[in-house]
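Colleague: Below is the structure I would like to discuss, written out as structure tokens.
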Amino acid sequence: DGNVTSQTKQREQWGTQVGFMLAAIGSAVGLGNIWKFPYITGENGGSAFIIVYLFAIALIGLPIMLSEFLIGRKTQMNAVSSFKELAPNKPWYLTGLMGVAAAFIILSFYGVVAGWALNYTFESLTGKILSVAPEELGAHFGSFISETYSPILWQLLFMLLVILIVVGGINKGIEKWNKFLMPTLALLIVIIAIRSVTLSGASAGLEFLLKPDFSALKPTSFLIALGHAFFSLSLGMGTMITYGSYVPKDQNLPKAALWISGADTLIALLAGLAIFPAVFAFNMEPNAGPGLVFITLPAIFQQLPAGQFFAILFFLLLTIAALTSAVSLLEVPVAYFSDKFNWSRKQTTWLIGTIIFVMGIPSSLSSGVMKDFKIFGKNFFDAADFLASNILLPLGGLLIALFVGWVMKSKDAVEAADYEEKDTLGRLWYYVVKFVAPVLIFLVLLNLTGILTK
Ligand code: PHE
């Protein structure tokens, strides 16, 4: 079916509501949950930060997810065309174009970290990672990521997996693989969390997660929590618009959004339960930053009975989580370019996937030969992450909230979100999208200028 033109090309739809929800959960649950959430929680004082994060998810993330879904499903179009359809001859489609750009940028460095995860899965299988002396694990990680060729090869391998899934299309690619991978991921994380909380000495870690110490919050913690809510729920760049565009009209969007954000949050919390009790049980530091899962955890696996088994499970889990998110990142530009230029899915996926892989090479080299190459004082990798996560996603989220709240007619928006006009919940959602979310996001963006943190 690769050569049919758009006139005859039938737009695919998710086969079942469960298939759609698993795909969206697959998008949301990623490196953000398993790699980033635990270390930013560790750096921001533990449970008090988690409470702030939960508010950010419920108050801003969930309503904006519903907004993205309704835009996509109402128009059944990609992230750019959907804005053109709802607001013809207005510049709102630039929101979608910014999202497409963000997808290129995020996936370029996301593929690099996912490549590290793939390498660590391999090193767990061979037993290599368990034979490195514990005090050498930091140097082991550091020297791997600063190599020139090897991380790029792992990144390439990962990108090939992503491309192969997306080439399969919505039903036979994305939905089919998520239906298999997401239950696997849930099983793995539950096994690891149970192992961690049953270690002797785990209680200090549980306390860190469950007993809030609000004095541990820094002023920036609120803003970090909000920014991470966007990243973790895959919001602000049209991922959920694109996935929403494959949703049949008879599915209930608020219910789906609630389940998806709930599942994403649950997995993040389970990742915390998998990591912190073990960190405290083995007298490690919870604030090890980005190295937490690549340095601290292997040191723990080395001391655990059947540690190799748990190491394999954990890094497999990390790779799966990254894979289903990367698939959704690639789908945004693939949907846009294949619609716009009438290219086949296969052609478009290979082309865009290759471009993104090449764009990721400087990020991969950022810890090695390109480490002195700085953009605004940051290496290439950190600059790409900062631009996408802290600027493009919140800005995109702000524009989407303003679009649904102020550009669409309130009746249309409420209806497209599957609410009745007089629904209390629907009204609540609408006012949050119209007023609360824009104001709070604006504060996050203001923080970028340093005004709030100086
Ligand atoms: N939500 C993914 C994660 O937590 C990352 C992502 C961001 C995916 C934006 C798609 C779009 O890892």
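Per my numbering: the sequence shown ends with 1347, consecutive numbering throughout.
By construction, the Cβ of each residue, glycine as well, lies at the ideal position given by its N, Cα and C atoms.
1. Here's the rule I'm using: 16 or more other beta-carbon atoms within 10 Å means buried, otherwise exposed. How should residue 1048 be labelled?
2. Can you have a look at residue 1348 and say buried or exposed, based on whether 16 or more other CB atoms are within 10 angstroms of its CB?
3. Tell me which same chain residues have a C-beta within less than 8 Å of the C-beta of residue 1142, skipping the five on either side of it?
4. Can we say the region 1126-1138 touches the region 951-968, given the rule of at least three CB pairs closer than 8 Å?
5. So, do the region 1324-1342 and the region 1024-1033 have three or more beta carbon pairs nearer to each other than 8 Å?
6. With a CB to CB cut of under 6 Å and the five nearest residues on each side skipped, what residues in its chain are close to residue 1089?
7. Using 8 Å as the threshold, is the region 919-935 in touch with the region 1214-1234, meaning 3 or more CB pairs across them?
8. Quick check on residue 912: buried or exposed, where buried means 16 or more other Cβ atoms within 10 Å of its Cβ?
9. Taking only three categories from DSSP, how would you classify residue 1071?
10. Taking DSSP's pairing of strands, which residues face residue 926 in a bridge?
11. Would you give the residue range spanned by the alpha helix (DSSP H) that residue 1250 belongs to?
12. Report yes or no: do the region 1153-1168 and the region 1080-1089 share at least 3 C-beta pairs separated by less than 8 Å?
13. Would residue 1208 pass as a contact of residue 1013 if the rule is Cβ separation under 7 Å?
14. Let me see if you follow: with CB-CB separation under 7 Å, is residue 1340 close to chain C or not?
15. Going by the beta-carbon positions, is the gap between residue 1290 and residue 1080 smaller than 7 Å?
16. Short check: CB of residue 979 to CB of residue 1310, under 7 Å?
17. In the structure shown, what three-state DSSP assignment does residue 1012 receive?
18. When we look at the beta-carbon of residue 1272 and count the other beta-carbons within 10 Å, is it buried (16 or more) or exposed?
19. Please report the straight-line C-alpha distance between residue 1188 and residue 1233, rounded to a whole angstrom.
20. Closest to residue 981 by CA distance: which of 1301, 1325 and 1115 is it?
21. Is residue 925 close to ligand 1? I mean its beta-carbon at under 6 Å from any heavy atom of the ligand.
22. From the DSSP output, in three-state form, read off residue 1272 for me.
23. Does the pairing of the region 1224-1244 with the region 1146-1155 give three or more beta-carbon distances under 8 Å?
24. Under 8 Å by Cβ, that's how I've got residue 975 and residue 989 pegged, so tell me the actual separation to the nearest angstrom.
25. Restricting to Cα atoms, I'd like to know which of 1275, 1324 and 1317 is closest to residue 1296.
26. I need the straight-line Cα distance from residue 1266 to residue 1259, nearest angstrom please.
27. What separation, rounded to the nearest whole angstrom, lies between the Cα atoms of residue 1264 and residue 1044?
28. Can you tell which of 1123, 1156 and 984 has the C-alpha that lies nearest to the C-alpha of residue 1284?
29. How is residue 1327 classed by DSSP in three states: helix, strand or coil?
30. Are the region 1054-1066 and the region 1273-1283 in contact at 8 Å, needing three or more beta carbon pairs?
31. When DSSP builds the beta bridges, which residues end up paired with residue 1267?
32. Please confirm whether any heavy atom of ligand 1 lies closer than 6 Å to the CB of residue 921.
33. Could you check what DSSP says for residue 1107 in three-state terms: helix, strand or coil?
34. Which term fits residue 1226, buried or exposed, when burial requires 16 or more other beta carbons within 10 angstroms of its beta carbon?
35. With hydrogens ignored, establish whether the beta-carbon of residue 1124 is closer than 6 Å to any heavy atom of ligand 1.
36. Can you tell me where the alpha helix (DSSP H) with residue 1139 in it begins and where it stops?
Modeller: Looking at the coordinates:
1. buried
2. This structure leaves residue 1348 out entirely; the chain is present only between 894 and 1347.
3. 966
4. yes
5. no
6. 1167, 1170 and 1171
7. yes
8. buried
9. helix
10. According to DSSP, which records beta bridges pairwise, residue 926 is partnered with nothing at all.
11. 1238-1257
12. yes
13. yes
14. This model lacks chain C altogether; it includes just one protein chain.
15. no
16. no
17. helix
18. buried
19. 44 Å
20. 1301
21. yes
22. strand
23. no
24. 7 Å
25. 1324
26. 8 Å
27. 15 Å
28. 1123
29. helix
30. no
31. 1272
32. yes
33. helix
34. buried
35. yes
36. Premise fails: residue 1139 is in no alpha helix (DSSP H) and is neither H nor E.
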